[in-house]
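In the UniProt record's numbering, the protein residues as written are 1 to 209.
Note that beta-carbon positions come from the ideal geometry of N, C-alpha and C, so glycine has one too.
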């Protein structure tokens with residue numbers, strides 16, 4: 001007895017059907033692989049964004065924790081025969097301040113040191129004064145540095161009228177430990193500071209005391 005052999009058409013049809021099913025499986029597998037790849041990329045992007053956001057937030061918190069705020073302080077008194085005057089800088093912030101250049105001008109003329117400042121107000125050249133450097137130094141939080149002071153009554157009264165607004169102008173710049181810098185001008189109300197990319201170089205106009 002001889003078995004009937006399948007027709008060639010039936011064989012071709014079965015092979016084509018098997019091939020089609022295999023292609024469908026491959027397509028489905030490729031589809032899900034693509035979906036998983038896209039999901040993986042999205043998760044990676046979200047993780048990176050979260051890390052960057054967290055890093056920026058941490059930096060902002062850290063910067064706020066060491067934020068400096070330097071104020072120019074003018075103190076004077078006049079008791080008839082006695083008078084005194086002092087010009088100082090106080091860091092009222094919570095972090096150290098890196099002082100950069102300071103510029104002092106009286107009636108539009110820059111004074112680069114104590115002797116020029118005294119001469120600008122027609123003060124006595126030999127008057128007793130106390131001086132301290134302020135440029136290129138660090139002022140700790142809650143620290144006050146007296147740049148200049150005198151108990152010479154005549155000179156103190158002259159400085160009172162000259163250094164205070166509008167005749168006198170004191171401009172200074174300072175930075176935080178993260179190199180965020182602020183420029184201050186004594187002519188502005190409440191000593192409003194301006195955030196700048198870098199402190200200006202006053203060059204020969206820098207007050208060196």
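For residue 101, the closest alpha carbon among the candidates 178, 177 and 138 is that of 138. By the C-beta criterion, the segment 139-153 is judged to be in contact with the segment 88-96, since at least 3 inter-stretch pairs fall below 8 Å.
Between the segment 176-184 and the segment 102-111 there are fewer than three C-beta pairs closer than 8 Å, too few to call the two in contact.
The alpha carbon of residue 196 has as its nearest neighbour, out of 181, 185 and 45, the alpha carbon of 181. The continuous stretches of alpha helix (DSSP H) do not include residue 83, which lies in the beta strand (DSSP E) extending over residues 83-91.
In terms of Cβ geometry, residue 84 and residue 135 do not form a close pair [threshold 9 Å]. With respect to residue 72, residue 87 sits close: the two C-beta atoms are nearer than 9 Å. Looking at the DSSP output, residue 184 sits in a beta bridge with 172.
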